[in-house]
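Those protein sequence lines, which keep their order, are chains A and B.
Residues 1 to 367 (our numbering) are what the first sequence spells out, left to right.
Residues 368 to 734 (our numbering) are what the second sequence spells out, left to right.
Glycine residues also receive a C-beta, built at the ideal position from the N, C-alpha and C atoms.
On a predicted model such as this, the values are computed, not experimentally measured, just so you know.
Number of protein chains: 2
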Amino acid sequence: MWRWLLAAVLAAAPMIASAQLTQAKTMIVKADEDRTARFLPVHVGGKVRKEDLGYSYQWPGVYFETRFKGVSISMSFEDGANNFNVIIDGKPVMILRKPGATTINVNIHAGGPHTIRLEKRSETQYATGRFYGFRGVAASPEPNRARQIEFIGDSLTVGYGNTSAFTQCTPDEIFETTDAQEGFGPLTAKHFNADYQINAFSGLGMVRNYDGREHAKYRLPMLYPRALFDDPTPAVQPDWHPQIIVIRIGDNDFSTPVRVDESWGTAEAMAADYQKTYAAFIRNVRAANPTAQILMLYPADDSDYAVNTQKVFEALKASGMARLDSMSLPPMAETGCDGHPNIHDDAKDADALISYFDAHPDDWQGK
Amino acid sequence: MWRWLLAAVLAAAPMIASAQLTQAKTMIVKADEDRTARFLPVHVGGKVRKEDLGYSYQWPGVYFETRFKGVSISMSFEDGANNFNVIIDGKPVMILRKPGATTINVNIHAGGPHTIRLEKRSETQYATGRFYGFRGVAASPEPNRARQIEFIGDSLTVGYGNTSAFTQCTPDEIFETTDAQEGFGPLTAKHFNADYQINAFSGLGMVRNYDGREHAKYRLPMLYPRALFDDPTPAVQPDWHPQIIVIRIGDNDFSTPVRVDESWGTAEAMAADYQKTYAAFIRNVRAANPTAQILMLYPADDSDYAVNTQKVFEALKASGMARLDSMSLPPMAETGCDGHPNIHDDAKDADALISYFDAHPDDWQGK
């Protein structure tokens, strides 16, 4: 095998004569050497659906990791809908754009073992992607991360258009400039070396989606338990026991006036429904995560969103719910698509959360 | 070979039982099928230095293209300094970040023939990269593009920080957010299906670099003939005969006040040197490109940059130089790094140039 490949390389580059080409030859031959490649064990972050081969996914911020020996690793997809960051040994090496039915193979010089991490960068509200897996030569996996943190929210948690150079974006520009991995959630989680889930969907509110009309068939409490948005089966995730759950929802409920033709009829009725539904949602989250610290976020202003979210928090505290806190976030530059936070805003929000958890180390429950 | 790979795939996925996996198996086996891969003929855009194997390059906007059959193509690098766009069959499929000593192999389903295009996205003023080439199964190449257009300039032509979400950038952020391929030059060239060169270097002026201090060892007229900035050998480019040459230089000469400790002593002396040197530079460009249309760009304002550039143009016209025109460009949003144009500004400048050439079709000299 090895000899055959060397012959092929020599045939391909008949001009090879000088010593300076030795390195290039070595590289190219090595590129094909690992023919013992197998599908490797994968560590998965985020809510996905396990398939017979690989994983299907829709939620933002999903990631896949493995560890391998040698100089070659491949990734196989059936995903024409997503963009991904590919990170090898901690270094971002490529952004994959809608790979489709593709295998990408990366050959590197150093002998390893290496880590590879595939991060879903994009938001796909109405499309499902499939990652078949990594192929390579297995190395002993990294120990699991002890810390787990979950984020629940809307576009502010997705990282919607956060890398855009302008605010007026086409749908395609929103797609291309969204990097969920630079949202405040992943930034916070990575700081604490925690696994994370980004259970967020742009445009959704707690009871009322953006403008009272967007994504009519979906509600956040409906989607939250699911691995895939149109599959009502709850996600199977026996290893997911987050110490911390951060919730940032309500911007869409309150960002446009309630119209008379909406079911609530008045802003007051909608706000009452928001408070009731949000409180019930948190009680469900608490029931599923009895020991988790829950942190509710809201903006540091006097908006209806902020005021009503504080009321939800106060009512839950008054009812005796423990391990529940709230925190306000300062105003942002909002130069991303449609006036969304840009990645500097995301970093500021992450800094605020990092400071908060630094001041509350017990929230990690000894992890 | 084929049978061996199938066995490896089956061994790697012992759970394979259902019909739904057929497509995945087929894909993965096909991924390794093209073992007749050779280095393919490459079409090169931009000033590069041909090496025994592959190409070295520094100028922005460089690109490499080939055409291949089958389902597999690989790219081999020795380049830890650049980011690249990879475009297959016209579709951007990945952004490669500082690949280093790496081979990247992409396997695709459809049988082809396919085109692949590797575009240097980043600016590397003090680093050289090497692309060894594409390996795959050769297909008959595309016919050469009849049109050729050349751009000469500074950061405004580089696309410096043009995809940034903010104006205050670190050097690393400038690097990562620069996409020379979204500069006004490549956008204009692509519109006309023209090959292009981006002979531009951020911070350089015609006689005075930014702030009178940046890149002290370089001047644009010195670098212009070279393939690599520190190699005085003129670029070898027998096939480069641009019909159009667009020049946009002078912003750095005039953007900061001349200090008394600079060699000119006064702004007036520097402006006189600018006019003289710029005129001589254009005469040299004309001598090397006797029939090319030369178009000088300047901002639509009354800045010293605009005023002095118009004087250069008027003097050359008065001296009888033919096939020379000038054009002013409107103000920009300048939300890229350090107040540079963003990609919307680049697109507007490209639109202005496209309108200009639509109104001057003879500039393409029948091509």
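Exercise for the section: Please name the residue in Ser-531/B, Arg-434/B, Tyr-585/B whose C-alpha comes closest to that of Pro-708/B. Expected result: Residue numbering aside, residue 708/B sits at position 341 when the second sequence is read from its first letter. Checking every option, the nearest Cα to that of Pro-708/B belongs to Ser-531/B.
Exercise for the section: Verify the CB distance criterion: does Pro-99/A have a CB-CB separation below 8 Å to chain B? Expected result: If you number the first sequence from 1, residue 99/A lands on position 99. It does: the Cβ of Pro-99/A has a partner Cβ on chain B nearer than 8 Å.
Practice task
Give the C-beta separation of Ala-567/B and Gly-520/B to the nearest angstrom, bearing in mind that I take them to be a contact with Cβ-Cβ under 8 Å.
Solution key: Within the second sequence, numbered from 1, the residue matching residue 567/B stands at position 200. Within the second sequence, numbered from 1, the residue matching residue 520/B stands at position 153. Yes, they are in contact, since the Cβ atoms of Ala-567/B and Gly-520/B sit about 4 Å apart, within 8 Å.
Problem - Inter-residue CB distance, Phe-84/A and Glu-119/A (contact presumed, cutoff 8 Å) - result: As a first step, residue 84/A is located in the first sequence; it is residue number 84 there, counting from the start. As a first step, residue 119/A is located in the first sequence; it is residue number 119 there, counting from the start. About 6 Å; that satisfies the 8 Å criterion.
Exercise for the section: Check whether the Cβ of Gly-703/B lies closer than 8 Å to any Cβ atom in chain A. Expected result: One-based indexing of the second sequence puts residue 703/B at position 336. So yes, Gly-703/B belongs to the interface.
Exercise for the section: Return the residues of the stretch 301 to 333 of chain A that lie within a Cβ-Cβ distance of less than 9 Å from chain D, sorted by chain order. Expected result: In the displayed structure, chain D is absent; the protein chains listed are A and B.
Problem - Own chain residues within Cβ distance below 7 Å of Arg-286/A, not counting five before or after - result: For the purposes of this step, residue 286/A is taken as the residue at position 286 of the first sequence. Once the five neighbours on either side are set aside, the close Cβ partners of Arg-286/A are Ile-294, Met-321.
Exercise for the section: Quick one: which unbroken alpha helix (DSSP H) runs of 4-plus residues sit fully inside the stretch 699 to 732 of chain B? Chain order, please. Expected result: 710 to 726
Practice task
State buried or exposed for Thr-277/A, treating a residue as buried only when at least 16 other CB atoms are found within 10 Å of its CB.
Solution key: Here residue 277/A refers to the residue found at position 277 when the first sequence is read from its first residue. The residue in question, Thr-277/A, is buried, as its Cβ has 16 or more Cβ neighbours within 10 Å.
Handout entry: Pick from Asn-209/A, Gln-243/A, Lys-348/A that is closest to Ala-194/A, judged by C-alpha positions
Key = On the first sequence, residue 194/A is found 194 positions in, with the first residue counted as 1. Comparing Cα positions, the closest option is Gln-243/A.
Exercise for the section: For Asp-301/A, count neighbouring Cβ atoms within 10 angstroms of its own Cβ and tell me buried if that reaches 16, exposed if not. Expected result: The residue given as residue 301/A occupies position 301 in the first sequence. Looking at its Cβ environment, which holds fewer than 16 other Cβ atoms inside 10 Å, Asp-301/A is exposed.
Problem - Chain-ordered neighbours of Asn-342/A on chain B, where CB pairs are closer than 7 Å - result: Here the question's residue 342/A lines up with position 342 in the first sequence. Under the 7 Å cutoff, chain B gives Ala-532, Phe-533.
Handout entry: Whether Arg-67/A touches Thr-115/A by CB criterion (8 Å)
Key = In the first sequence, the residue the question calls residue 67/A occupies position 67. In the first sequence, the residue the question calls residue 115/A occupies position 115. It is a contact, given that the beta carbons lie within the stated cut-off.
Handout entry: Closest by C-alpha distance to Pro-480/B, when choosing among Asn-651/B, Val-438/B, Gly-500/B, Arg-593/B
Key = Residue mapping note: residue 480/B aligns to position 113 of the second sequence, counting from 1. The shortest C-alpha separation from Pro-480/B is found at Val-438/B.
Handout entry: Which residues DSSP lists as bridging Lys-436/B, in chain order
Key = As a first step, residue 436/B must be located in the second sequence, where it is residue number 69. Note: Lys-436/B sits in a beta bridge opposite Val-504/B.
Exercise for the section: Could you tell me which chain A residues have their CB closer than 9 Å to the CB of Val-613/B, listed as they occur along the chain? Expected result: The sequence position of residue 613/B within the second sequence is 246, counting from 1. Near Val-613/B there are no residues of chain A at all, since even the closest Cβ is about 23 Å away, more than 9 Å.
Exercise for the section: Would you kindly report the start and end of the unbroken beta strand (DSSP E) that includes Gln-148/A? Expected result: One-based indexing of the first sequence puts residue 148/A at position 148. Note, Gln-148/A: beta strand (DSSP E), 147 to 153.
Practice task
Grab the span of the alpha helix (DSSP H) containing Asp-195/A for me, first residue to last.
Solution key: Looking up residue 195/A in the first sequence gives position 195. Note, Asp-195/A: premise wrong, no alpha helix (DSSP H); beta strand (DSSP E) at 194 to 200.
Exercise for the section: Please report how far the alpha carbon of Ile-198/A lies from the alpha carbon of Arg-213/A, in whole angstroms. Expected result: Counting from 1 along the first sequence, the entry for residue 198/A is found at position 198. Counting from 1 along the first sequence, the entry for residue 213/A is found at position 213. Their Cα atoms are separated by approximately 23 Å.
Practice task
Check Ala-101/A in the structure and name its three-state DSSP category.
Solution key: Taking the first residue of the first sequence as 1, we reach residue 101/A at position 101. Ala-101/A: strand per DSSP, three-state reduction.
Practice task
Pull up the distance between the alpha-carbon of Glu-173/A and that of Glu-629/B, whole angstroms please.
Solution key: Walking along the first sequence from the start, residue 173/A turns up at place 173. Walking along the second sequence from the start, residue 629/B turns up at place 262. Cα to Cα, Glu-173/A sits roughly 45 Å from Glu-629/B.
Handout entry: Whole-angstrom C-beta distance between Gly-45/A and Asn-162/A, which should lie under 8 Å
Key = To locate residue 162/A, count along the first sequence from 1; it is residue 162. To locate residue 45/A, count along the first sequence from 1; it is residue 45. Rounded, the Cβ-Cβ distance is 19 Å, inconsistent with contact.
Exercise for the section: Check whether the Cβ atoms of Arg-226/A and Pro-238/A sit closer than 8 Å, and answer yes or no. Expected result: The residue labelled residue 226/A in the question sits at position 226 within the first sequence. The residue labelled residue 238/A in the question sits at position 238 within the first sequence. Not in contact: Arg-226/A and Pro-238/A (Cβ atoms no closer than 8 Å).
Handout entry: Alpha carbon of Arg-130/A to alpha carbon of Glu-78/A, nearest angstrom
Key = As a first step, residue 130/A must be located in the first sequence, where it is residue number 130. As a first step, residue 78/A must be located in the first sequence, where it is residue number 78. Between Arg-130/A and Glu-78/A, the C-alpha separation is close to 5 Å.
Exercise for the section: Name the one or two DSSP bridge partners that Gly-129/A has. Expected result: Taking the first residue of the first sequence as position 1, residue 129/A is located at position 129. DSSP output for Gly-129/A lists Tyr-57/A as bridge partner(s).
Practice task
Would you list the residues sitting across from Tyr-577/B in a DSSP beta bridge?
Solution key: Walking along the second sequence from the start, residue 577/B turns up at place 210. Paired residue(s): none; Tyr-577/B is not in a bridge.
Handout entry: Reference Pro-141/A, options Leu-220/A, Val-42/A, Lys-98/A, closest by Cα
Key = Translated into the one-based positions of the first sequence, residue 141/A becomes position 141. The shortest C-alpha separation from Pro-141/A is found at Val-42/A.
Handout entry: Closer than 8 Å to chain B by CB, Met-426/A
Key = What is shown of chain A runs 1 to 367, which leaves residue 426/A out entirely.
Practice task
Thinking Gly-100/A and Gly-80/A are a contact (beta carbons under 8 Å), I'd like their distance in whole angstroms, please.
Solution key: By 1-based counting over the first sequence, the position of residue 100/A is 100. By 1-based counting over the first sequence, the position of residue 80/A is 80. Gly-100/A to Gly-80/A, Cβ: 4 Å. Contact.
Handout entry: Cross-chain neighbours of Asn-82/A in chain B, by beta carbon under 8 Å
Key = If you number the first sequence from 1, residue 82/A lands on position 82. In chain order: nothing, as chain B lies at least about 12 Å away.
Exercise for the section: Can you check DSSP and say which residues form a bridge with Lys-417/B? Expected result: Position 50 of the second sequence, counting from 1, holds the residue named residue 417/B. Its beta-bridge partners are Tyr-422/B.
Exercise for the section: Within the same chain, show all residues whose beta-carbon is closer than 8 Å to that of Ile-462/B, passing over the 5 residues directly before and after it, in chain order. Expected result: Indexing the second sequence from 1 puts residue 462/B at position 95. Only Asn-450, Phe-451, Asn-452, Val-453, Arg-488 meet the Cβ criterion.
Exercise for the section: Give, in chain order, every residue of the stretch 264 to 275 of chain A whose Cβ lies closer than 7 Å to some Cβ of chain B. Expected result: none
Exercise for the section: Report yes if the C-beta of Ala-494/B is less than 7 Å from at least one heavy atom of the ligand ATP; otherwise report no. Expected result: Judged by which ligands are present, the structure shown has none, so any question about the ligand ATP falls away.
Exercise for the section: Go to Asn-450/B, then tell me how far its beta strand (DSSP E) extends in each direction, as first and last residue. Expected result: Stepping through the second sequence from its first residue, residue 450/B is reached at position 83. Start and end: 450 to 455.
Problem - Cβ-based neighbour list, Asp-230/A, same chain, cut-off 6 Å, excluding 5 preceding and 5 following - result: Translated into the one-based positions of the first sequence, residue 230/A becomes position 230. Excluding residues within five positions, none has a Cβ falling inside 6 Å.
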